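Undergrad: This structure is in structure tokens; I'll ask about it shortly.
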Amino acid sequence: QALAVLARKSAPGSPVFSTTDVMGGSGGGANMHDMGELQKSLNAMVVQLLQKEVRKTCFDKCFGSSYPDRMSKTEHICLAKCMDRMYESHAIVVKASVEMAQNLASQDP
Numbered sequence: 041q042a043l044a045v046l047a048r049k050s051a052p053g054s055p056v057f058s059t060t061d062v063m064g065g066s067g068g069g070a071n072m073h074d075m076g077e078l079q080k081s082l083n084a085m086v087v088q089l090l091q092k093e094v095r096k097t098c099f100d101k102c103f104g105s106s107y108p109d110r111m112s113k114t115e116h117i118c119l120a121k122c123m124d125r126m127y128e129s130h131a132i133v134v135k136a137s138v139e140m141a142q143n144l145a146s147q148d149p
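Take a look at the structure:
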């Protein structure tokens, strides 16, 4: 369940971080179009890194060094649970990062 929610949040094109979350609603003087492009690039990179790490970690954990032609039920469950935990962990880190950025932005004079 959490995987489906996080997959929607981390889907390409949907923001992982938004400029308003990180910058407290101000554009910081930069062109908003440029900021939007930068945000898209950053989000795409974060999603790619997350997917790569999930694949590496979960495949190593569930399959070891052998990759069968078909997954067993146990391997399928292991992979689903591992991926779910990884995406849930990512969501917690993103939420904490955004909150920290907002707190820092609100402290600046």
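Heads up: the sequence shown runs through residues 41 to 149, numbered per my numbering. Note that the Cβ used here is the ideal one computed from N, Cα and C, for glycine as well. Model, not experiment: these values are computed from the prediction.
1. Specify, as a first and last residue, the run of the alpha helix (DSSP H) that R150 falls within.
2. My guess is that C102 and M126 are in contact by the Cβ rule of under 8 Å, so how many angstroms apart are they, rounded?
3. Looking at the unbroken alpha helix (DSSP H) that takes in S146, where does it start and where does it end?
4. Please state if the CB of V94 and the CB of C122 are separated by a distance shorter than 9 Å.
TA: So, to answer that:
1. Residue 150 is absent from the structure shown; the chain starts at 41 and stops at 149.
2. Contact check for C102 and M126: beta-carbon distance about 12 Å, past the 8 Å limit, so the pair fails to qualify.
3. Looking at the DSSP string, the run of the alpha helix (DSSP H) that includes S146 is 113-147.
4. Yes.
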